[in-house]
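Here the protein sequences come in this chain order: A and B. Taking the working numbering, the leading residue of the first sequence gets 2, the next gets one more, and so forth. Taking the working numbering, the leading residue of the second sequence gets 652, the next gets one more, and so forth. This report refers to the structure that appears directly beneath it.
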Amino acid sequence: MRFFLEFRKKLGGERILINFSSRYPRSFGPIQGIIDTGSPKTIISASDALRLNIPFKSLEQGIALRGFGKGGIPTKILKNFKFVIMDEERKLKEFKTDVFVADMTTLKNLPRDFTNQCLQTPTIFGLDILDKFKMNLFLDFENESFSLETH
Amino acid sequence: MNILTKKNKNVSKEIFSLGIGSSFIEENLSKFEEKYPDEFVAVRERNFIAHNENLISLMKVLKERKIDASNVIIEFIPFKNEIVLF
Numbered sequence: 002m003r004f005f006l007e008f009r010k011k012l013g014g015e016r017i018l019i020n021f022s023s024r025y026p027r028s029f030g031p032i033q034g035i036i037d038t039g040s041p042k043t044i045i046s047a048s049d050a051l052r053l054n055i056p057f058k059s060l061e062q063g064i065a066l067r068g069f070g071k072g073g074i075p076t077k078i079l080k081n082f083k084f085v086i087m088d089e090e091r092k093l094k095e096f097k098t099d100v101f102v103a104d105m106t107t108l109k110n111l112p113r114d115f116t117n118q119c120l121q122t123p124t125i126f127g128l129d130i131l132d133k134f135k136m137n138l139f140l141d142f143e144n145e146s147f148s149l150e151t152h
Numbered sequence: 652m653n654i655l656t657k658k659n660k661n662v663s664k665e666i667f668s669l670g671i672g673s674s675f676i677e678e679n680l681s682k683f684e685e686k687y688p689d690e691f692v693a694v695r696e697r698n699f700i701a702h703n704e705n706l707i708s709l710m711k712v713l714k715e716r717k718i719d720a721s722n723v724i725i726e727f728i729p730f731k732n733e734i735v736l737f
């Protein structure tokens, strides 16, 4: 099964992007994530969490994420996060796994400059998902073909 | 899985719409960098909806305009020649 990826400029540089759809109860909607093999974890961004009305209050506290030039971004754990990706034949494949989500309830009470910086962090499709679902990442720059493949 | 139900059609449509919106941002990125640096933009398919330097304020604008945010792409536009690392 092959899922096509996008390659375009986002946040100032070229990125590999994946389009998927959240099927988390009462938080349905499409999400665009950056494929980041340098990130051990998958993180749903604050803007996507707000857009999809993710119910922060009912979630367990997650780890703090530290990035370049940032303090720890507070997170919560979205257990059994269900999402679907569309394959090259336009069939939908469903996945379910735990992911982290930027914790807007805590972020809102932190200093404004820090919060603004955290809000710019996009959704990251990390190594944990690629590993868990045994996804192979293919980047063919010469032919401009980018995909994830799984069995 | 993979049965063409109405629900699946809606999900496919959502993912298609996201791709269309993403292409629209790519095509208009230079313009956005000129007009809205250091701001968030909201786009749905090939329509520019709104911009704001503050994400919470942008969400309020969408709500006031009764726009379903779940089908909108919100993207941060950095200054030209600036790369965001995380």
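The C-beta atom is built at its ideal place from N, Cα and C for all residues, glycine as well.
Beta bridge pairing from DSSP links E15 (chain A) with A:K10. If only uninterrupted alpha helix (DSSP H) runs of at least 4 residues are considered, those enclosed by the stretch 86 to 148 of chain A are 105 to 108, 113 to 120 and 128 to 133. Closer than 7 Å to the CB of E696 (chain B) there is not a single CB belonging to chain A. The criterion of a C-beta distance shorter than 7 Å is satisfied by E95 (chain A) and V85 (chain A). Here S46 (chain A) carries a coil assignment [DSSP, helix/strand/coil]. Taking a Cβ-Cβ threshold of 8 Å, the residues of chain B close to K10 (chain A) are E677 and L680, in chain order. Counting only unbroken stretches of 3 or more residues, the beta strand (DSSP E) elements lying wholly within the stretch 656 to 718 of chain B are 690 to 695 and 698 to 703, in sequence order.
In this chain, the beta strand (DSSP E) harbouring R3 (chain A) covers R3 to F5.
Per DSSP, the unbroken beta strand (DSSP E) holding E726 (chain B) starts and ends at I724 to I728.
DSSP, reduced to helix, strand and coil, places K58 (chain A) within a helical segment of the structure shown. With respect to chain A, the C-beta atom of P688 (chain B) has no partner C-beta closer than 7 Å. Under DSSP, L66 (chain A) forms a beta bridge with A:I74.
CA-CA distance, R91 (chain A) to S22 (chain A), rounds to 13 Å. Chain A has no Cβ within less than 7 Å of the Cβ of A693 (chain B). Taking 7 Å as the cut-off, the beta carbon of S28 (chain A) is found closer than this to the beta carbon of L53 (chain A).
Distance check between I671 (chain B) and each of B:V694, B:P688 and B:S681 places B:V694 closest, using alpha-carbon atoms only.
In the DSSP annotation of this structure, the continuous segment of the beta strand (DSSP E) that includes G34 (chain A) starts and ends at S28 to I36. Under the three-state reduction of DSSP, S22 (chain A) is assigned to strand.
Contact note: S48 (chain A) reaches chain B through F691, L706, L709, M710, I725, E726 and F727, using a C-beta cutoff of 9 Å and chain order. The C-alpha of S708 (chain B) lies about 43 Å from the C-alpha of H152 (chain A).
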